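So the sequence shown is numbered by the UniProt record's numbering: it starts at 1 and just counts up by one.
Where is the CB? At the ideal position from N, CA and C, for every residue including glycine.
Small disclaimer: the values here were computed from a predicted structure and weren't measured.
This report refers to the structure that appears directly beneath it.
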Amino acid sequence: MITQSNETLLDESESELWHAWSSVTRAVQSTLGSEISKSAPLALIEFEMLDELANGEQPMRSGELGALVSLTRSGTSRAISRLAAKGFITKEGSSTDRRSVLVCITPEGRQAYEAANGVFASAVRNGLLGAVEGDDRDTLLRILNVISDTLL
């Protein structure tokens with residue numbers, strides 16, 4: 001049974017803003033994923049995980065890594081398994097917590113990450129940042145920080 005909330009529906013302005021946001025985020029994700037996969041056998045989320053490992057403390061708990069890239073526990077487990085199968089990370093049980101899995105980036109993983117990182121940077125600059133210049137960048141960053149602070 002579907003129940004309707006007492007909340008009012010989005011008005012025209014709110015709906016327009018939501019659809020613009022949704023369209024842009026899908027386009028950014030799609031473009032970045034496509035560009036990354038051209039340079040390395042990585043999905044965007046796998047690249048993001050390697051980015052966290054390449055630039056963070058190692059070993060890292062799988063749950064912490066999943067939280068950093070906003071994945072569920074099962075999504076994290078699947079992505080870690082894919083990266084391990086590709087030889088891009090190692091995973092081992094924690095000596096202090098038997099429920100925890102620790103992951104580290106391998107030399108092959110670092111090589112794949114570095115190959116994809118240049119393509120990623122170019123795609124971000126040309127696709128996202130190239131469309132927004134000067135004061136508009138500052139305004140966009142301020143707005144994104146407000147949204148992030150509200151949600152996180």
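Compare the C-beta of residue i against all C-beta atoms of chain C and say whether one is closer than 9 Å.
| i | result |
| --- | --- |
| residue 152 | In the structure shown, chain C cannot be found, because there is only a single protein chain. |
Count the other C-beta atoms from every protein chain shown that fall within 10 angstroms of the C-beta of residue i, then say buried if there are 16 or more, exposed otherwise.
| i | result |
| --- | --- |
| residue 141 | exposed |
| residue 23 | exposed |
| residue 66 | buried |
| residue 105 | buried |
| residue 52 | buried |
| residue 76 | buried |
| residue 48 | buried |
| residue 147 | exposed |
| residue 14 | exposed |
| residue 112 | buried |
| residue 45 | buried |
| residue 144 | exposed |
Which of helix, strand or coil does DSSP assign to residue i?
| i | result |
| --- | --- |
| residue 61 | strand |
| residue 70 | coil |
| residue 24 | helix |
| residue 9 | coil |
| residue 132 | coil |
| residue 42 | coil |
| residue 33 | helix |
| residue 152 | coil |
Out of the options, which has the shortest C-alpha to C-alpha gap to residue i?
| i | options | result |
| --- | --- | --- |
| residue 80 | 130, 109, 56 | 109 |
| residue 57 | 102, 18, 10, 72 | 102 |
| residue 31 | 122, 137, 95, 18 | 122 |
| residue 35 | 72, 151, 8, 126 | 126 |
| residue 89 | 128, 61, 71 | 61 |
| residue 152 | 129, 12, 70 | 70 |
| residue 27 | 43, 59, 128 | 128 |
| residue 82 | 43, 59, 72 | 43 |
| residue 59 | 33, 78, 95, 118 | 95 |
| residue 97 | 74, 25, 63 | 63 |
| residue 155 | 149, 16, 118 | This structure gives no information on residue 155, because the portion of the chain shown stretches from 1 to 152. |
Kindly give me the distance between the Cβ atoms of residue i and residue j, rounded to whole angstroms, as I take these residues to be in contact under 8 Å.
| i | j | result |
| --- | --- | --- |
| residue 40 | residue 115 | 5 Å |
| residue 10 | residue 18 | 6 Å |
| residue 84 | residue 91 | 5 Å |
Considering only residues of the stretch 76-126, which uninterrupted alpha helix (DSSP H) runs meet the minimum length of 4 residues and lie entirely inside it, listed in chain order? 107-123
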